[in-house]
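Residue numbers (this note's numbering), protein chains in the order written: chain U, 1 to 109; chain B, 1 to 112.
Shown next, in the form of structure tokens:
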């Protein structure tokens, strides 16, 4: 069963424009949600997690349990935000991780 | 902490050869994951271990792939024999209950 869905494989926005990367999940119980970022030819790095409720590099994400969504948002995109973004879900005590298929974000100067 | 350490960073081999990828997880982490990343399929979970025991290997493509975790500080992913379609970046990640996964820098495998 697909647990994490990222409907957009590619997303392009202009510099300074708002950006939203969509993520929907399916999981019974109380999952923990994460966003990871992968810059060109680098490893995946944790961007933020829902329980922290913090803003990293201007990005925020709110867990919406009613809509089972965890969309990533930034009000003003920067060129250095161009990267691959993965939404991930952790369940069963954190020993299972499910990743979405990723969204490649390109910020156009 | 040096983080998750993978070796080699790059591997180029000929079809039919055996390939062994190595991973040293972060000390104290009790879960270890192997992922494969390609342009076509994105990030695929191959196998994960909990306390050195393989829990789910349903993502391992076929019998040519095998993974071991002989102790808490070392894991290997072996492909024998390798094929060109195995060319990908292989990531190892470790974690512990409730914490995010930490990824290594990956091994870029090219099979010619």
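Think of the CB as a built atom: it goes at the ideal place given N, C-alpha and C, for glycine as much as any other residue. The structure displayed is predicted, hence computed values, not measured ones.
Rank the options by C-alpha distance to the C-alpha of residue i and give the top, closest one.
i                     : options                    : result
residue 17 of chain B : B:107, B:79 and B:105      : B:79
residue 17 of chain U : U:46, U:81, U:50 and U:40  : U:81
residue 48 of chain B : B:66, B:86 and B:108       : B:66
residue 31 of chain U : U:88, U:107 and U:108      : U:88
residue 52 of chain B : B:19, B:59, B:37 and B:23  : B:23
residue 55 of chain U : U:42, U:68, U:72 and U:45  : U:72
residue 46 of chain B : B:110, B:76 and B:26       : B:76
residue 52 of chain U : U:67, U:33 and U:27        : U:33
residue 30 of chain B : B:74, B:57 and B:94        : B:94
residue 61 of chain U : U:90, U:38, U:23 and U:12  : U:23
residue 46 of chain U : B:59, B:86, B:100 and B:73 : B:100
Pull up the DSSP beta-bridge partners for residue i, would you.
i                      : result
residue 35 of chain B  : B:45 and B:91
residue 104 of chain U : U:10 and U:84
residue 109 of chain B : B:11 and B:88
residue 61 of chain U  : U:72
residue 36 of chain U  : U:46 and U:86
Thinking residue i and residue j are a contact (beta carbons under 8 Å), I'd like their distance in whole angstroms, please.
i                     : j                      : result
residue 85 of chain U : residue 105 of chain U : 6 Å
residue 38 of chain B : residue 88 of chain B  : 5 Å
residue 82 of chain B : residue 40 of chain B  : Contact flag wrong, Cβ pair sits at about 18 Å.
residue 9 of chain B  : residue 105 of chain B : 7 Å
residue 13 of chain U : residue 77 of chain U  : 5 Å
May I ask which residues mark the beginning and end of the beta strand (DSSP E) holding residue i?
i                     : result
residue 27 of chain U : Counting along the chain, residue 27 of chain U falls outside any beta strand (DSSP E), and DSSP gives it neither H nor E.
residue 73 of chain B : Element bounds for residue 73 of chain B: n/a, residue is neither H nor E.
residue 6 of chain B  : 5-7
residue 51 of chain U : Careful: residue 51 of chain U lies outside any beta strand (DSSP E) and carries neither H nor E.
residue 54 of chain B : 53-56
residue 98 of chain U : 96-99
residue 21 of chain B : 19-24
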